[in-house]
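Let me begin by presenting the structure, written as structure tokens, before commenting on it.
Protein chains: 2
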Amino acid sequence: MKATIVTIGDEILIGQILDTNSRYISQALNRIGVVVAERTSIGDSAEQITQTLTRALESTDIVIITGGLGPTKDDITKHTLARYFGSELVYNAEVGEFVRTLLERRGIAFNDLNRGQAMVPKCCTVLHNAHGTAPGMWFEQDDKVVVSLPGVPFEMEHLIDDSVIPMLKARFELKAIVHRTMITSGIAESLLAERIAAWEDALPDVLHLAYLPAPNVVRLRLSAYEVEQSEAEALIDSQFEALRQIIPEAVVGFEGATVEQAVHNWMVANRCTLSVAESCTGGNIASKFTAMAGASAYFNAGVVSYSNEAKCDILGVNGEDIARYGAVSETVALQMAQGARRAGRSDYAIATTGIAGPTGGSAEKPVGTVWIAIATPTKCFAVLKNCGTDRRQIIDRATAYAIKLLYDNL
Amino acid sequence: MKATIVTIGDEILIGQILDTNSRYISQALNRIGVVVAERTSIGDSAEQITQTLTRALESTDIVIITGGLGPTKDDITKHTLARYFGSELVYNAEVGEFVRTLLERRGIAFNDLNRGQAMVPKCCTVLHNAHGTAPGMWFEQDDKVVVSLPGVPFEMEHLIDDSVIPMLKARFELKAIVHRTMITSGIAESLLAERIAAWEDALPDVLHLAYLPAPNVVRLRLSAYEVEQSEAEALIDSQFEALRQIIPEAVVGFEGATVEQAVHNWMVANRCTLSVAESCTGGNIASKFTAMAGASAYFNAGVVSYSNEAKCDILGVNGEDIARYGAVSETVALQMAQGARRAGRSDYAIATTGIAGPTGGSAEKPVGTVWIAIATPTKCFAVLKNCGTDRRQIIDRATAYAIKLLYDNL
Numbered sequence: 002m003k004a005t006i007v008t009i010g011d012e013i014l015i016g017q018i019l020d021t022n023s024r025y026i027s028q029a030l031n032r033i034g035v036v037v038a039e040r041t042s043i044g045d046s047a048e049q050i051t052q053t054l055t056r057a058l059e060s061t062d063i064v065i066i067t068g069g070l071g072p073t074k075d076d077i078t079k080h081t082l083a084r085y086f087g088s089e090l091v092y093n094a095e096v097g098e099f100v101r102t103l104l105e106r107r108g109i110a111f112n113d114l115n116r117g118q119a120m121v122p123k124c125c126t127v128l129h130n131a132h133g134t135a136p137g138m139w140f141e142q143d144d145k146v147v148v149s150l151p152g153v154p155f156e157m158e159h160l161i162d163d164s165v166i167p168m169l170k171a172r173f174e175l176k177a178i179v180h181r182t183m184i185t186s187g188i189a190e191s192l193l194a195e196r197i198a199a200w201e202d203a204l205p206d207v208l209h210l211a212y213l214p215a216p217n218v219v220r221l222r223l224s225a226y227e228v229e230q231s232e233a234e235a236l237i238d239s240q241f242e243a244l245r246q247i248i249p250e251a252v253v254g255f256e257g258a259t260v261e262q263a264v265h266n267w268m269v270a271n272r273c274t275l276s277v278a279e280s281c282t283g284g285n286i287a288s289k290f291t292a293m294a295g296a297s298a299y300f301n302a303g304v305v306s307y308s309n310e311a312k313c314d315i316l317g318v319n320g321e322d323i324a325r326y327g328a329v330s331e332t333v334a335l336q337m338a339q340g341a342r343r344a345g346r347s348d349y350a351i352a353t354t355g356i357a358g359p360t361g362g363s364a365e366k367p368v369g370t371v372w373i374a375i376a377t378p379t380k381c382f383a384v385l386k387n388c389g390t391d392r393r394q395i396i397d398r399a400t401a402y403a404i405k406l407l408y409d410n411l
Numbered sequence: 002m003k004a005t006i007v008t009i010g011d012e013i014l015i016g017q018i019l020d021t022n023s024r025y026i027s028q029a030l031n032r033i034g035v036v037v038a039e040r041t042s043i044g045d046s047a048e049q050i051t052q053t054l055t056r057a058l059e060s061t062d063i064v065i066i067t068g069g070l071g072p073t074k075d076d077i078t079k080h081t082l083a084r085y086f087g088s089e090l091v092y093n094a095e096v097g098e099f100v101r102t103l104l105e106r107r108g109i110a111f112n113d114l115n116r117g118q119a120m121v122p123k124c125c126t127v128l129h130n131a132h133g134t135a136p137g138m139w140f141e142q143d144d145k146v147v148v149s150l151p152g153v154p155f156e157m158e159h160l161i162d163d164s165v166i167p168m169l170k171a172r173f174e175l176k177a178i179v180h181r182t183m184i185t186s187g188i189a190e191s192l193l194a195e196r197i198a199a200w201e202d203a204l205p206d207v208l209h210l211a212y213l214p215a216p217n218v219v220r221l222r223l224s225a226y227e228v229e230q231s232e233a234e235a236l237i238d239s240q241f242e243a244l245r246q247i248i249p250e251a252v253v254g255f256e257g258a259t260v261e262q263a264v265h266n267w268m269v270a271n272r273c274t275l276s277v278a279e280s281c282t283g284g285n286i287a288s289k290f291t292a293m294a295g296a297s298a299y300f301n302a303g304v305v306s307y308s309n310e311a312k313c314d315i316l317g318v319n320g321e322d323i324a325r326y327g328a329v330s331e332t333v334a335l336q337m338a339q340g341a342r343r344a345g346r347s348d349y350a351i352a353t354t355g356i357a358g359p360t361g362g363s364a365e366k367p368v369g370t371v372w373i374a375i376a377t378p379t380k381c382f383a384v385l386k387n388c389g390t391d392r393r394q395i396i397d398r399a400t401a402y403a404i405k406l407l408y409d410n411l
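Chains as they are written, first to last, in our numbering: chain A, 2 to 411; chain B, 2 to 411.
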């Protein structure tokens with residue numbers, strides 16, 4: 002069973018917002034065995050909506066549309082769909098009453114525009130939107146399904162999970178899609194491909210291999226589409242086991258494994274604790290750890306010591322050393338890591354101090370210069386790293402590098 | 002002049018990665034006056050690439066393609082384009098030597114797969130990729146332009162900025178596209194639309210109005226496509242000035258204005274300083290401020306006091322109060338804010354303490370419960386807020402709410 006995802010909104014085409022809805026829907030459809038053949042973003046134009054829908058229904062069985070369901074004049078999806086399906090708009094009292102209640106709870110008067118949101122094409126099945134004023138709509142024609150959902154991510158996500166996915170499972174006989182991803186590190190993509198060429202050539206036809214390179218990492222994904230789930234899983238497992246024997250030193254983990262997750266797991270398993278002291282990364286390292294459920298088991302404290310005073314007062318860095326070597330120096334990085342370990346009463350600590358830019362660089366210490374220090378129960382050391390030229394890039398790279406450096410020293 | 006953006010890769014269709022390339026390219030094209038008519042993501046399939054390219058060239062003048070240019074077997078874009086344009090692949094010595102040098106610098110041997118990356122369709126103009134091994138390619142046919150770029154965001158961005166945009170400006174006579182966005186807060190979308198209906202109805206035809214709702218915020222965007230730039234800007238300015246007089250209390254700012262940017266500007270202008278103490282937000286508030294260039298002028302310190310000891314040791318919270326009231330309490334929030342203000346030697350401080358979940362909630366203090374405290378030179382107060390049910394949602398909402406609470410008290 003194949004699907005097209007259509008996201009509607011000029012704000013996507015001009016790059017004002019990032020289209021995260023498509024990814025959410027892609028993942029949800031893949032989980033129930035629906036293959037996403039294409040994703041398309043178009044403007045708030047009746048002509049484009051009609052053309053795209055016509056084309057999508059020619060090549061796929063399911064079309065999921067998001068956006069253009071708001072109460073204002075720039076929202077035209079509903080009227081366009083009503084015309085497409087030759088259906089009139091009728092007032093749905095249940096939706097109307099729900100919207101009225103929802104607004105009253107927020108102290109907002111129900112007006113004509115809200116009443117308009119309760120008008121739906123007569124031919125559709127209304128999908129209850131418990132979190133917003135625009136209902137979802139389910140259309141069927143010639144054994145194909147078209148679903149229209151609001152573009153607000155939170156509302157769309159609930160409608161996908163609570164209505165669309167169960168209804169698709171009930172409506173179609175679906176096979177499974179299985180994806181598994183092996184994370185490798187330390188072998189460049191072209192060398193990796195060379196080394197595993199014989200294994201790749203011998204893969205059964207049902208499995209598709211993809212290489213996904215990222216800094217220091219190549220992810221290898223095996224996918225099987227519209228298959229019997231447990232058989233495909235067993236097949237992929239055996240192929241990955243064979244692959245592991247070819248590149249044992251490079252395999253880091255599977256699926257969305259991140260280095261911070263590996264540190265998290267290690268800390269929990271070993272009942273150790275962690276603190277961080279951040280200057281240039283500004284809280285980014287702390288937020289990576291604390292975003293993970295259960296981080297409070299080991300994450301004791303983070304200090305964002307942006308000012309020199311904070312470095313001295315909270316972390317116990319020697320003010321004379323800052324004056325002599327500069328805040329961005331090996332000495333200060335080491336003292337920050339030791340200070341974080343002490344102040345956070347923890348077993349391990351990470352510290353970063355660098356120049357995130359755009360200003361503050363010099364010939365000797367250009368923008369991008371970052372000292373990263375690690376303190377463990379047995380040692381404390383620092384590494385100098387140039388993390389690029391752009392502020393966001395520098396923060397992200399220094400964060401990734403620092404977490405990896407800790408991981409390598411656990 | 003109209004463009005289609007095509008991103009190629011099964012990893013997009015299965016939702017494994019977020020398509021950020023399309024947004025970057027959309028913004029770049031809009032800046033030089035090229036209208037993006039459609040964005041499409043398709044799989045690594047020669048048939049789909051050919052069909053999509055054919056269709057895109059029927060309705061638009063420029064097609065920008067990213068992805069599928071790596072060295073491995075799943076990368077088929079280049080071969081497909083060579084066939085599409087009836088051109089053979091030839092070895093480009095300049096690309097070959099550059100790739101060899103790039104790899105040698107990283108200590109990687111140049112192999113047959115890398116040599117393959119230097120093979121390009123004879124009919125294309127090669128675009129030098131200074132940051133990776135896959136060159137960009139520029140094709141022309143019947144007065145239309147097709148550009149193929151690597152999918153790695155960093156490499157694609159440099160190629161867009163350094164090659165594609167200057168070449169498009171030289172190749173086509175482009176008019177301007179002007180977007181301006183007014184940020185409003187405090188009036189619900191439907192009420193806002195009602196209140197500004199007369200203004201909206203009287204807008205000149207060249208201007209397109211869009212409503213972009215978000216929590217507590219409605220953004221109003223006026224767009225003019227393929228116009229004379231300064232005229233359109235003046236027209237939009239005068240319309241927004243008229244709008245401001247209709248809803249003076251609701252206008253927060255323009256364009257990508259964020260509340261943290263407003264706090265940042267205020268702190269810099271008033272030479273005041275800020276520190277934060279975070280429990281449940283785990284460094285997220287600090288990272289919002291420190292992500293902005295120039296934050297070091299006012300951001301003194303952040304403390305991620307995850308453990309009770311860190312709250313006491315670093316922030317001076319009273320341990321008995323934690324035992325009596327719990328770490329998630331008004332008392333502790335207030336002491337954290339005061340402690341952050343003191344430890345960071347700053348004028349203002351924000352503190353958060355809450356239950357981000359998924360565990361740790363109780364009947365009295367369910368997951369999502371967050372105390373937010375603000376300390377200023379003249380007062381210190383705390384507010385209780387339920388921030389939702391999902392860990393990421395709770396962190397993000399508590400962060401946004403805390404920054405807004407500070408802003409309202411500057």
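Idealized CB from N, CA, C, for every residue including glycine.
Expected contact under 8 angstroms - CB spacing of residue i and residue j to nearest Å
i: B:A278; j: B:V304; result: 5 angstroms
i: A:A119; j: A:I77; result: With 8 angstroms as the limit, A:A119 and A:I77 do not qualify as a contact, their Cβ atoms being about 17 angstroms apart.
i: A:G152; j: A:G68; result: 3 angstroms
i: B:S191; j: A:N112; result: 6 angstroms
Simplified DSSP state of residue i, which is helix, strand or coil
i: A:D381; result: Looking at the sequence itself, residue 381 of chain A is Cys, so the reference to Asp does not match. Strand, per DSSP.
i: A:V368; result: coil
i: A:H132; result: coil
i: A:N93; result: coil
i: A:G254; result: strand
i: B:K405; result: helix
i: B:T259; result: coil
i: B:K145; result: strand
i: A:K312; result: helix
i: B:K79; result: helix
i: B:E174; result: coil
i: A:S276; result: strand
i: A:I220; result: Per the sequence presented here, residue 220 of chain A reads as Arg, with Ile not at that position. Three-state result, A:R220: strand.
Reference residue i, options the options, closest by Cα
i: B:V228; options: B:V207, B:L407 and B:L213; result: B:V207
i: B:T282; options: B:S330, B:R392 and B:N301; result: B:R392
i: B:A287; options: B:A302, B:V264, B:Q28 and B:I77; result: B:A302
i: B:A270; options: B:R24, B:P154 and B:L411; result: B:L411
i: A:E232; options: A:P205, A:E48 and A:Q142; result: A:P205
i: B:E59; options: B:I15, B:F99 and B:A4; result: B:A4
i: A:T291; options: A:G71, A:G340 and A:T274; result: A:T274
i: B:T102; options: B:N130, B:V64 and B:I375; result: B:N130
i: B:S363; options: B:A203, B:T390, B:A251 and B:Q339; result: B:T390
Boundaries of the alpha helix (DSSP H) in which residue i is found, first to last residue
i: B:K3; result: Counting along the chain, B:K3 falls outside any alpha helix (DSSP H), though it belongs to the beta strand (DSSP E) covering K3 to I9.
i: A:E321; result: G320 to Y326
i: B:Y25; result: N22 to R32
i: A:T291; result: N285 to T291
i: A:Q52; result: A47 to S60
i: B:R116; result: D113 to Q118
First through last residue of the beta strand (DSSP E) which encompasses residue i
i: A:R181; result: A177 to S186
i: B:G303; result: F300 to S306
Taking any Cβ of chain A, which residues in the stretch 285 to 297 of chain B have a Cβ under 9 angstroms from it, in chain order?
N285, I286, A287, S288, K289, F290, T291, A292, M293, A294, G295, A296 and S297
Using a Cβ cut-off of 9 angstroms, which residues of the stretch 165 to 181 of chain A contact any Cβ in chain B, in chain order?
I178 and H180
Going along the chain, which residues of the stretch 11 to 39 of chain A sit with their C-beta nearer than 9 angstroms to a C-beta in chain B?
D11, E12, I13, L14, I15, G16, Q17, I18, L19, D20, T21, S23, R24, Y25, I26, S27, Q28, A29, L30, N31, V36, V37, A38 and E39
Give the residues from the stretch 73 to 95 of chain A that approach chain B closer than 9 angstroms (Cβ to any Cβ), ordered along the chain.
So the close ones are T73, K74, D75 and D76.
Closer than 8 angstroms, Cβ to any Cβ of chain A: which residues of the stretch 182 to 199 of chain B, in chain order?
T182, A189, E190, S191, L192, A194 and E195
If contact means a Cβ-Cβ distance below 8 angstroms, which residues of the stretch 202 to 233 of chain B contact chain A?
Those residues of the stretch 202 to 233 of chain B that come within reach of chain A (Cβ to Cβ, closer than 8 angstroms) are H209, L210, A211, Y212, L213, P214, R222 and S224.
Pull out every residue of the stretch 301 to 314 of chain A whose Cβ sits closer than 8 angstroms to any Cβ of chain B, in chain order.
N301, A302, G303, V304, V305, S306, Y307, S308, E310, A311 and D314
Pull out every residue of the stretch 372 to 404 of chain B whose Cβ sits closer than 9 angstroms to any Cβ of chain A, in chain order.
Result list: R392, R393, Q394 and I396.
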